[in-house]
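First residue of the sequence shown: 13, per my numbering; consecutive thereafter.
Ideal Cβ positions, reconstructed from N, Cα and C, are used throughout, including at glycine.
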Amino acid sequence: MHQATGLESMLRALAERHGRPPASAPAPAPAQGLANPPRRRCRTIAVAGGKGGVGKTTVSVNLGMSLAMAGREVILLDADMGLANIDVLLGLTPTRHIGHLLDGSCGIEDLLLPAPHGLKIVPAGSGTRRLAQLGNGEQAAVIRAFDDLVAPPDYLLVDTAAGLSDNVAMFAAAADDVLLVVCDEPASLTDAYALLKVLSRDFGVRRFRMVANMVRTLGEGRQLHQKLARVCDRFLDVALEFMGHVPSDERLRQAIRRQSAVVDLWPSSRSGQAFKQLAGAVDTWGEPERLGLDRIAFFSRQAAAATGW
Ligand SMILES: Nc1ncnc2c1ncn2[C@@H]1O[C@H](COP(=O)(O)OP(=O)(O)O)[C@@H](O)[C@H]1O
Ligand SMILES: [Mg+2]
């Protein structure tokens, strides 16, 4: 069952680390390609969805690469431990993964695996049962390891696993934002709702964003959002903001078969353009709200150093 109490105390303990005295640091250099100046601190976005196969990994990879193509520093953490989707999706062959970090044989910097356009991947181990069942302490250690990065990126995207495990809940609750990927299938809607419920009830997350994946039109995407938003309004005290849609696109499937991101191979395809738009929208998000348990950001130390926060 869900171990809300244990997780809550761990999250609180992590939150206390935000109470560090501020330090000053030079402002980062402006990025090319997007209208806004780079973020003043790392923004952590958990990509979640409840159900498997709805496009979480696809969205994580293509959103991350779109942001990187626009000049942002982006790290993508494969938090689907034990399955290592992202390596395979991008045709990468990592020699080290999270398991090595946990057994102390390498540090977080050694794990950063270069992908096209400057995107960096933190790979999950593949086929490792132990990693698929990380304990809460191990998961906190993974989160804490990001404090050791020499330079925090503009964005840390976290591609979460399917389901409602503590694993997923903790990564989602620890992030600044949760981006839900939903497609037009009853099980996607019910699983997304279940995830919203757990995250709001047990972790005080009140604000979510949603992208409609594999729909035909923007209108269909909006309808899907309205379906979920209506039940949220009725039964949960959460806000669900619509971020746009990614069309079902054969080009995207072809890119997957070629082990590449569609935004890299065919940036002007329908899905490629949708991801570019999504990246532009993400880059205009205001500062994250800090509610409930006090939202935990990864990179707390660097965040404080970079912003005086
Ligand atoms: N927008 C899309 N258009 C076409 N196919 C898609 C799209 N998004 C996802 N898919 C298909 O769905 C499959 C599962 O996507 P994936 O990102 O691995 O899901 P998840 O991470 O949620 O399990 C992909 O391999 C791809 O074939
Ligand atoms: Mg996945």
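- Straight-line CA distance for R265 to D99? Those two C-alpha atoms are separated by around 16 Å.
- Query: If you draw a straight line from the C-alpha of V59 to the C-alpha of I87, how long is it?
  - Reply: Their Cα atoms are separated by approximately 13 Å.
- Answer yes or no: the CB of N97 versus the heavy atoms of ligand 1, is any distance below 8 Å? True, at least one ligand heavy atom lies under 8 Å from that Cβ.
- Any 3 or more C-beta pairs closer than 8 Å across the segment 76-92 and the segment 269-280: Segments in contact, yes.
- Query: Taking DSSP as the reference, what is the three-state secondary structure of G175?
  - Reply: Three-state DSSP puts G175 in coil, outside helix and strand.
- Beta-bridge pairing of F254 - partner residues as DSSP gives them: F254 is bridged to M222.
- Is A152 near ligand 2, judged by its Cβ being under 8 Å from some heavy atom? Remark: the C-beta of A152 is outside contact range of ligand 2, defined as less than 8 Å to any heavy atom.
- Assigned exposure category for V73 - 16 Cβ within 10 Å defines buried: Under this definition V73 is a buried residue.
- Query: Between the beta-carbon of A251 and the beta-carbon of F220, is there less than 9 Å?
  - Reply: The Cβ atoms of A251 and F220 sit closer than 9 Å to each other.
- Residue range of the unbroken beta strand (DSSP E) whose run includes K132: Secondary structure note for K132: its beta strand (DSSP E) is the uninterrupted segment 132-134.
- Message: Given a cut-off of 9 Å on the beta-carbon distance, is the pair D328 and R55 in contact?
- Response: Residue 328 is absent from the structure shown; the chain starts at 13 and stops at 321.
- Query: By Cβ distance below 8 Å, which residues in the same chain neighbour L125 in space, the five residues on each side in sequence not counted?
  - Reply: Closer than 8 Å at the Cβ level, and outside the excluded window around L125, lie D99, L104, P106, K132, I133, V134, P135.
- Cβ-heavy atom distance between E232 and ligand 1 below 8 Å? Outside the cutoff, so no.
- Query: In the structure shown, what three-state DSSP assignment does C118 receive?
  - Reply: DSSP places C118 in coil when its eight states are reduced to three.
- Message: Can you confirm whether the segment 213-231 touches the segment 181-197 when touching is taken to mean that 3 or more C-beta pairs between the two stretches lie within less than 8 Å?
- Response: Touching, yes.
- Query: By a C-beta neighbour count over all protein chains shown, 10 Å radius and 16 as the cutoff for buried, is Q151 buried or exposed?
  - Reply: Only buried fits Q151, as 16 or more other CB atoms lie within 10 angstroms of its CB.
- Is L168 near I120, with beta carbons less than 9 Å apart? Going by beta carbons, L168 and I120 fall outside the 9 Å limit.
- Item | Separation of M255 from L290, as counted between CA atoms | Computed Cα separation, rounded: 7 Å.
- Can we count D203 as close to ligand 2, meaning its CB is less than 8 Å from some heavy atom? No - ligand 2 has no heavy atom lying nearer than 8 Å to the Cβ of D203.
- Message: Taking 8 Å as the cut-off, is the C-beta of V180 nearer than that to any heavy atom in ligand 1?
- Response: Relative to ligand 1, even the nearest heavy atom lies 8 Å or more away from the CB of V180.
- Message: Quick check: does the Cβ of L101 come within less than 8 Å of any heavy atom belonging to ligand 1?
- Response: At least one heavy atom of ligand 1 is nearer than 8 Å to the Cβ of L101, so yes.
- Message: Which same chain residues end up closer than 8 Å to G130 when comparing Cβ atoms and leaving out the 5 residues on each side of it in sequence?
- Response: The residues are A80, E85, V86.
- Message: Measuring only from the beta carbon, is S280 closer than 8 Å to any heavy atom that is part of ligand 1?
- Response: Flag unset: Cβ of S280 not near ligand 1.
- Task: Return the first residue and the last residue of the beta strand (DSSP E) that A58 is part of.
- Result: Here the beta strand (DSSP E) through A58 covers 55-60.
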